[in-house]
Amino acid sequence: KAGVTQTPRYLIKTRGQQVTLSCSPISGHRSVSWYQQTPGQGLQFLFEYFSETQRNKGNFPGRFSGRQFSNSRSEMNVSTLELGDSALYLCASSLVRDSGTTKNIQYFGAGTRLSVL
Amino acid sequence: QKEVEQNSGPLSVPEGAIASLNCTYSDRGSQSFFWYRQYSGKSPELIMSIYSNGDKEDGRFTAQLNKASQYVSLLIRDSQPSDSATYLCAVKRTAGNQFYFGTGTSLTVIP
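So the protein sequences, as listed, match chains A and B. Residues in the first sequence are numbered from 149 upward in steps of one, following the working numbering. Residues in the second sequence are numbered from 3 upward in steps of one, following the working numbering.
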């Protein structure tokens with residue numbers, strides 16, 4: 149069974165540009181969550197999608213947005229890039245949500261490393 | 003108060019020793035607890051999940067959960083240099099699917 153696939157793996161952009169990152173979850177997984185990881189802040193939650201609907205949102209500005217398609221694949225978009233957006237962006241998928249069992253385990257993709265110059 | 007707190011370390015142990023990693027969480031209603039390992043430059047990979055009080059063992063790893071004291075720990079027996087990584091504690095509340103991560107504990111196993 150294929151794992152979580154994120155594309156592209158690396159991106160270099162300049163300030164003011166926008167970027168779109170893609171995430172394909174594990175087959176059958178319906179929940180997709182996005183995180184930003186930086187050395188100083190650790191893993192910061194961006195948002196979660198389930199059944200094409202955003203269910204949770206972290207404390208990030210509106211420049212960060214996302215969506216989920218009917219096949220559970222998800223994209224996140226960052227507009228008007230800032231230097232501080234340089235980070236590793238991680239996508240994680242889980243089978244279900246609201247569960248106290250192993251079905252809620254989040255599995256991570258390899259991430260997209262974004263550098264903003 | 004942070005949702006999940008871990009000692010950032012670094013924690014150094016000799017090869018073959020037991021490494022003990024600790025994590026506390028603030029929401030008493032949390033139901034699911036996880037330990038992830040992250041090698042430098044890589045993404046987090048799940049080591050253990052635990053849902054009820056007590057110990058859960060998987061090979062050299064043992065997760066311990068105490069909901070009354072709101073802490074979860076990870077013991078690594080017979081530590082190996084390949085265990086050198088950052089260990090992330092994650093907690094999920096009863097409702098919703100948001101995971102709260104600690105900032106991680108850096109572990110170095112010295113040969």
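Positions of the beta carbon are idealized from the N, C-alpha and C atoms, including for glycine.
7 Å Cβ cut-off: residues of chain B touching residue i
i       : result
E196(A) : N99, Q100
Assigned secondary structure, residue i (DSSP; H/G/I helix, E/B strand, else coil)
i       : result
K4(B)   : coil
N252(A) : helix
P16(B)  : strand
D57(B)  : strand
S108(B) : strand
L236(A) : strand
L231(A) : helix
Assigned exposure category for residue i - 16 Cβ within 10 Å defines buried
i       : result
S14(B)  : exposed
Q202(A) : exposed
Y158(A) : exposed
L231(A) : exposed
R163(A) : exposed
T88(B)  : buried
N99(B)  : buried
D85(B)  : buried
beta-carbon residue i near the ligand FAD non-hydrogen atom, thresh 7 Å
i      : result
I49(B) : Among the components modelled here there is no ligand, and therefore nothing to report on the ligand FAD.
Within chain A, partners of residue i - CB distance below 8 Å
i      : result
K94(B) : N252
When the options are compared against residue i, the one with the closest alpha-carbon
i       : options                            : result
F35(B)  : Q82(B), Q66(B), T105(B), D80(B)    : Q66(B)
Q154(A) : S263(A), D246(A), A258(A), G206(A) : A258(A)
A78(B)  : M50(B), S54(B), G43(B)             : A small correction: the amino acid at residue 78(B) is Ile; Ala does not occupy that position in the sequence shown. If we check each option's Cα against that of I78(B), M50(B) comes out closest.
N252(A) : S263(A), A240(A), T260(A), S213(A) : A240(A)
V244(A) : K161(A), I174(A), L236(A)          : I174(A)
E196(A) : G190(A), Q189(A), N204(A)          : N204(A)
S181(A) : T228(A), S213(A), T249(A)          : S213(A)
T250(A) : N9(B), Y41(B), L23(B), Y53(B)      : Y53(B)
L169(A) : L191(A), Q189(A), Q192(A), R221(A) : R221(A)
Q189(A) : V93(B), L76(B), R62(B), G104(B)    : G104(B)
D80(B)  : K4(B), S10(B), G18(B), P12(B)      : G18(B)
Chain B residues whose Cβ lies nearer than 9 Å to that of residue i
i       : result
D246(A) : T96, A97, G98, N99
S172(A) : Those within 9 Å of S172(A) in chain B number zero; the least Cβ separation is about 15 Å.
Contacts of residue i in chain A (Cβ-Cβ under 7 Å)
i       : result
G106(B) : G190
Proximal chain A residues relative to residue i, where beta-carbon distance stays under 9 Å
i      : result
L90(B) : G190, L191
Contacts of residue i in chain B (Cβ-Cβ under 8 Å)
i       : result
G176(A) : Neighbours of G176(A) on chain B: none; closest Cβ ~16 Å, over 8 Å.
L238(A) : S45, P46
query = Using Cβ-Cβ distances below 9 Å, what residues of the segment 197 to 215 of chain A are close to chain B?
reply = Going along the segment 197 to 215 of chain A in chain order, one finds F198, R203, N204, G206 with a Cβ nearer than 9 Å to chain B.
key: chain A contacts made by the segment 43 to 77 of chain B, where a contact means CB separation under 8 Å   = K44, S45, P46, E47, L48, S51, Y53
ask   = Relative to chain A, which residues along the segment 24 to 35 of chain B have a C-beta separation below 7 Å, given in chain order?
value = Q33, S34
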